[in-house]
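First the structure, in the form of structure tokens, and then the observations on it.
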Amino acid sequence: MSSRPPQVYTVSNESVLAEFIPFATPKLKFYKQLDTPYSSFHSLAQHITGLKNKHVKSLREDSADESLSKKISRLCEIFLFCLAELGLWLGLKATEFLSAENEVIFWGPKRDTVGDRIVSKFCQDVFQVFSTYVPSGLKWSIGGSVRENVNVGFLTDKVNCLIESLLEYSMIKDLRCIIFVERIITAIVLQSLLSQLPQLCCWKTAYMAGNHSGLQSQSRAEQIKIIEAFHVGKVNIIVATQILEEGLDVQNCNLVIRFDPSATVCSFIQSRGRARMRGSEYLLMIKSGDDSTLSRVKNYLASGDIMRKESLSLSSIPCVPFESEMSNEEFYRVEATGAIVTLSSSVALIYYYCSQLPSDRYFRPTPRFVIDKESKSCTLHLPLSCPIQSVLVDGKADILKKIACLEACKKLHQIGALTDNLIPYLVVEEADAQEFSNTTYDDEQVNYFPAELVNHCPSCSVIEMYHCYVIRLKKNFKYDVPFRDIALLVRHNLGADFENFYFDLEVDWGFVTVNLVYNGTIHLSPDQVLMARRFQITVLRVLIDHSMDKVKDVMDETFQKQILPIVDYILLPFSDNTKCFDWEYVIYDGNDWGKQMHYCRCRSNVHWMHTINGIFCRCMLVNSLVLTPHNGHIYCITHILDDLDANSPMKCYKCKNEDEGVPSYMDYYRSRHGVGLLYEMESLLSGRHIFTVKNWLQRSKHRKEKEPSGATVELPSELCVIILSPLPIDILHSFSLVPSIMHRIESMLLALNLKKLQLDHYMQNVIIPLDKILEAITTKKCEEQFSLESLETLGDSFLKYAVSQQLFKINNHDHEGLLSAKKDRMVSNATLCKLGCDHKLTGFIRNELFDPKLWAIPNDHSTSHEFGEELLSDTRKIYFRGKRRMKNKVVADAVEALIGAYLETGGEVAALIFMDWLGIEVTFVHIPHEKPFLGDPKMHINIRHIESLLKYSFRDPSLLVEALTHGSYMIPEIPRCYQRLEFLGDSVLDYLITTYLYNKYPGASPGLLTDLRSASVNNDSYANAALKAGLHKHILHASPKLHQQISSILNYHEQINLGPTIGWDSEMTFPKVLGDVIESLAGAILVDSEYNKDVVWKSMQPLLEPIVTPDTVKLHPVRELHELCQRHSYVMKPYSVSYKEGLASITIEVEAYGITYSHTCTGENKKTAKRLACKAVLGSLKARMPKI
């Protein structure tokens, strides 16, 4: 539903409209059905009627409530209807469903009286009667032969017609079908049938039914979940009552079947309009010989043309003012929109408004009328969650309800509970949220690169100034090759954050600490810059590629042309002894090897050796980088092996058999490579394989104990081409870490740019370390030592608390449902993603594993790293390199993580400033709490006793009464229930517990923190705390079912008080009300203490003890089993739920290594049964395979 005003257009005929809006093609389907469906029908009907009379008589003998007799009569009518219209098997399903005391309870709550037991016995007796006529056992199923099942009466011809109709569409890909029925029970049993027919096994079927005459059915959340599954194809067929004709947005429907005919033309048009896809069909099932229904359907089909023709004939007549049409009936009109509610429509609007108020399984909000016939007055009592509690009117006796409802509508609009279109605000809020969530998001996002490391204009100066940073490397392990420090020269001062900062690299043998230290400025000539660039490109290209193939081409491209902008900085070996660069290793002319290499450092005792380049002194070979063309490998020569020459037997040679001797080096190279050595008396060189460049930022799963064999080889010098000399191995060792080091520095610079971007808008000196911002923009996908997950958890809890308390304070008349809808929209992934995109956060987020092979070597033109420019603000720009895919949830997670980063380091004020910059306007300024008047709180609860339990004295005890009042407790003296306080308390408890866990276990992994939070912040944990404190005794409610469930929980606790029963170990489901009360009490204390969270935690922490620890936390069995199956590739089979005698039953099956582990467990509801079954399967798996 949209708040935008509608526009009206008129077309001449339907074919014109069909060009723009798809219409379903109507089709008629006839079926024959006998008046006496099958031979046993009459005897069955008489038997059921006899059972009804028997149990009604029992009720009268027990002086039971007359309504129970009516309930049995109504149930009997349903069973007879199923027998006649649907068949014996579906009648059996109806009795099975209605006899089970599951969560879908018909005609009011179960009170567990003698009368209720008689009603239940009636259903069970009818079930037994039906069961005697229907075969049972594994060999028989309803899906065997449909025609035969019709002949014996298990199914009717009408049901058979439906099945045959569906089979005609079996070839349709992505079927989306809605079957409209008149009765709720028809929807339920048809869904059961269609789900069991093997002919339709490829389609998933669900049913939908609303609330009618007190009939308790699906919640709105359940209905929306079914619609969403229908949208994405998880559900193909929905069997629905008229609830689906309007209200809920259903898209992608290509087939509508009217199992039962439409009662009105409005129903006909609306149900037909559900088939919106092109080529869709509207199938109407009609009983053969039913001329009345056939005539009515034909009139409905013609109604569109008739109405259009009538409208065109009257188009020239001026419209009569709307008010004149209402002259005989009182109404209320909204001037801004013209929306009108009349006496006649006001009752329906009030009921609809109440249906949108928060409810639970113990209470459905409905209006209550008290009419005084003598005074001709009516008092309308509205649910406690409504901002108006009661309306008193007088007038004519026959329209008193209408007058009261019209007056209530007027007041609800004036107070803001109804929109200017006279629609409950919750409906508009949910529709707007749904529309916003469907907003298109472009997952192709740019990848920012810091401008500090980019050169975008050619230098015109003779001498260039660089800022020098020394990269000091310190290892925490023993290794024969040391590290040498590296100098990083950049054109810009990187700022105070980079003057002295540390981080670790996790290499194969341990950790290397990287320390970046500012070392002032330095000036370089163009020749020095040229030599430095050649050196770093050669060394880094060789280390990354392990090949010389690209080096010459890179040099030619780099120095023959200059493409700007380009990554531009210089990396040089740095001598800690001289405190300056090691130019000795940098100065060389790669185009004149002779000139460079014939220089000898040995002034005397020159010893010449042959290489492919030529003859050089042996001192030029030590500490050189060489290429061996015969195998394409590159080595670093560490020393000369004077005791080995070409005739020496090979070291470390593994003989293939015992008779084989160890060959000489000359023999080896001749046989293996086809190379004959000429200078057999020259000493061999000790060559070491160059280091492998890896992502040393990645978390290491396996660490090496020692260097692998074959790390060094013996090389004849005559097979070597000298690449660089001198080049000590420690320089190569250090430069092998450069890609990882620079990737971290690049990432830190991105974090700095993001920090500056936010600080540009605020003058407050919010000090936040760069490493925290970096953590907040680094996803788990990067696989580094840190990720945003922990900060996201912290930020998520604070964001929800901040938004919740803001909404609570400024929307005093909003009920919990509307507050939750507004909060959910403000903190949704869609909203946070949009805010992140609007503020250009996406380019900063790091969500890809670093690949050193793709790293951009500075000043290297050989790789495609084209830059684009983007303005971050009016005064700040940044560069980007290409795009990458990023889901909207990743953006939302990063936004929450940034909130968490500011919260952790700068406190709540810093977090609020960052949120305000994003566009989330929240303030913690105190606003006086407005509340309805409550006379004497002591009349309702024992205030002193409860305050002693909470260790807190209320300034306003009426808040304590409100916090303990359930929605079912509707008395005039108490104006509100706990739902608003529960909304506030939910967020503050979540925030307090999350903060407590985050601070108490600072070294906890993100996964552990999430598990601790999940185990602590849940209804079972809160409900257990309420029971331990005895708070259940003080809850004000009027729900027999809630009383019964609390009693069952207490009895269960008494029986198993020797063992642990809380959390995932409990075999009972706690009533949600118990957990709600803990949250509402936290909310009440927060409001009463003027939003002092420390006071709340001081009061609530003792109630919640013991809070889980890393040693006591347990995974939820359902999650643990799913993760176990994923980890070991076990097969978890689909499960189904069945209900019997009010209990849910689920069978969980897992196949592991050819063995099936199966357990069936029963629980009060589906969640409990599933948890217990998964827990049992886990136990079997662990007993069979303890090491898993």
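Here the sequence shown is numbered in UniProt numbering, starting from 1 and rising by one per residue. Heads up, the beta-carbon is just placed ideally off N, CA and C, and yes, glycines get one too. The structure presented is a predicted model; accordingly, all values stated were derived computationally and were not measured.
*Please work out which residues of its chain come closer than 6 Å, Cβ to Cβ, to S736, disregarding the five sequence neighbours upstream and downstream, and give them in chain order.*
Cβ within range, chain order: L543, F691, V693.
*Going by alpha carbons, who is nearest to F97 out of F230, D174, L193, F23?*
Closest by alpha carbon: L193.
*Member of V134, R876, D916, R881 whose CA lies at the smallest distance from the CA of V895*: When only C-alpha atoms are compared, the closest one is D916.
*Expressed to the nearest angstrom, what Euclidean distance is found between the alpha-carbon atoms of D1088 and R176?*
C-alpha separation (whole angstroms): 52 Å.
*State the Cα-Cα distance for the pair L999 and L841, rounded to the nearest angstrom.*
Leu is not the amino acid found at residue 999; the sequence shown has Asn there. Their backbone Cα atoms lie some 27 Å apart in a straight line.
*asked:* Tell me the DSSP secondary structure of F97 in three-state form.
replied: F97: helix per DSSP, three-state reduction.
*Report the three-state DSSP secondary structure of Q698 (helix, strand or coil).*
In the structure shown, Q698 sits in a strand (DSSP, three-state: E or B).
*Pick out the complete alpha helix (DSSP H) segments inside the UniProt domain "RNase III" (943-1090), 4 residues or longer, and give them in chain order.*
If we require 4 residues or more, the alpha helix (DSSP H) runs fully inside the UniProt domain "RNase III" (943-1090) come out as 943-950, 958-963, 979-1000, 1006-1016, 1019-1029, 1040-1055, 1072-1088.
*In angstroms with no decimal places, state the Cα-to-Cα distance between K755 and D730.*
Distance between the alpha carbons of K755 and D730 is about 36 Å.
*Would you mind stating whether M465 and H546 have Cβ atoms separated by less than 7 Å?*
Between M465 and H546, the C-beta spacing is not below 7 Å.
_For the stretch 1116-1132 against the stretch 1067-1077, do three or more pairs of beta-carbon atoms, one drawn from each stretch, fall closer than 8 Å, so that the two count as touching?_
No, they do not touch.
*Under 7 Å between the Cβ atoms of L488 and T628?*
Inclusion of L488 and T628 in the CB contact set at 7 Å is not warranted, their separation being larger than that value.
*Quick one: grab the DSSP three-state call for E506.*
In the displayed model, E506 falls within a strand according to three-state DSSP.
_K411 vs V347 beta-carbon contact at 7 Å_ = Taking 7 Å as the Cβ cut-off, K411 and V347 do not qualify as a contacting pair.
*Cα-Cα separation, A1038 to C405*: Looking at the two C-alpha atoms, the distance is approximately 25 Å.
_Counting C-beta neighbours from all protein chains within 10 Å, is the total for S165 16 or more, i.e. buried, or is it exposed?_
The residue in question, S165, is buried, as its Cβ has 16 or more Cβ neighbours within 10 Å.
*How is the alpha helix (DSSP H) around A487 delimited, first residue to last?*
Element bounds for A487: not the alpha helix (DSSP H) but the beta strand (DSSP E), 486-490.
*With DSSP collapsed to three states, give me the class of N455.*
Note: N455 maps to strand in three-state DSSP.
*For the stretch 906-922 and the stretch 787-805, state whether three or more C-beta atom pairs, one from each stretch, are separated by less than 8 Å.*
Yes, the stretch 906-922 is in contact with the stretch 787-805.
*Please classify L473: does DSSP put it in a helix, a strand, or coil?*
The three-state reading of DSSP puts L473 in strand, counting E and B together.
_Whole-angstrom distance between M826 and H839, CA atom to CA atom_ = Computed Cα separation, rounded: 16 Å.
_Our contact map puts A751 next to C833 with C-beta atoms below 8 Å; I'd like the distance itself, whole angstroms only._
In fact, because the Cβ distance is near 20 Å, the residues do not count as touching under 8 Å.
_beta strand (DSSP E) segment containing E869, residue limits_ = In this chain, the beta strand (DSSP E) harbouring E869 covers 868-871.
*Cβ-Cβ separation, V514 to F498 (assumed contact under 8 Å), whole Å*: Between V514 and F498 the Cβ distance is about 12 Å, and since that is not below 8 Å, they are no contact.
_Buried or exposed (CB count within 10 angstroms, at least 16 for buried), D796_ = Answer is buried; the Cβ neighbour count reaches 16.
*List the DSSP bridge partners of L516.*
Partner(s): I471, F501.
*Starting from Y448, follow the beta strand (DSSP E) in both directions and report where the run begins and ends.*
Where Y448 is concerned, the enclosing beta strand (DSSP E) stretches over 444-449.
_Counting beta carbon pairs with one atom in the stretch 1022-1041 and one in the stretch 1073-1086, are three or more of them shorter than 8 Å?_
The stretch 1073-1086 vs the stretch 1022-1041: in contact.
*asked:* Only counting the same chain, and skipping five residues up and downstream in sequence, which positions put a Cβ closer than 7 Å to that of V1177?
replied: Excluding sequence positions up to five before and after V1177, its CB lies within less than 7 Å of the CB of L1121, I1148, V1150, Y1157, H1159, all in the same chain and listed in chain order.
_Beta-carbon within less than 8 Å of D760's beta-carbon, same chain only, minus the 5 sequence neighbours each way: which residues are those?_
Excluding residues within five positions, the ones whose Cβ falls inside 8 Å are S873, T875, R876.
_Extent of the continuous beta strand (DSSP E) run through Y669_ = From DSSP, Y669 is part of no beta strand (DSSP E) but of the alpha helix (DSSP H) over 665-673.
*Which of the three DSSP states, helix, strand or coil, is assigned to R176?*
Coil, per DSSP.
*Between the C-alpha atoms of R183 and T342, what's the straight-line distance to the nearest angstrom?*
So the alpha carbons of these two residues sit roughly 30 Å apart.
*Beta-carbon proximity check, L818 vs L426, cutoff 7 Å*: Yes. Within cutoff.
_Given the structure, does C177 come close to the ligand FAD, in the sense that its CB is under 6 Å from one of the ligand's heavy atoms?_
By its list of ligands, the structure shown contains no ligand whatsoever, and the ligand FAD lies outside what it can speak to.
*Taking the C-alpha atoms as reference points, what is the distance between L774 and I566?*
Going by the C-alpha atoms only, they are around 24 Å apart.
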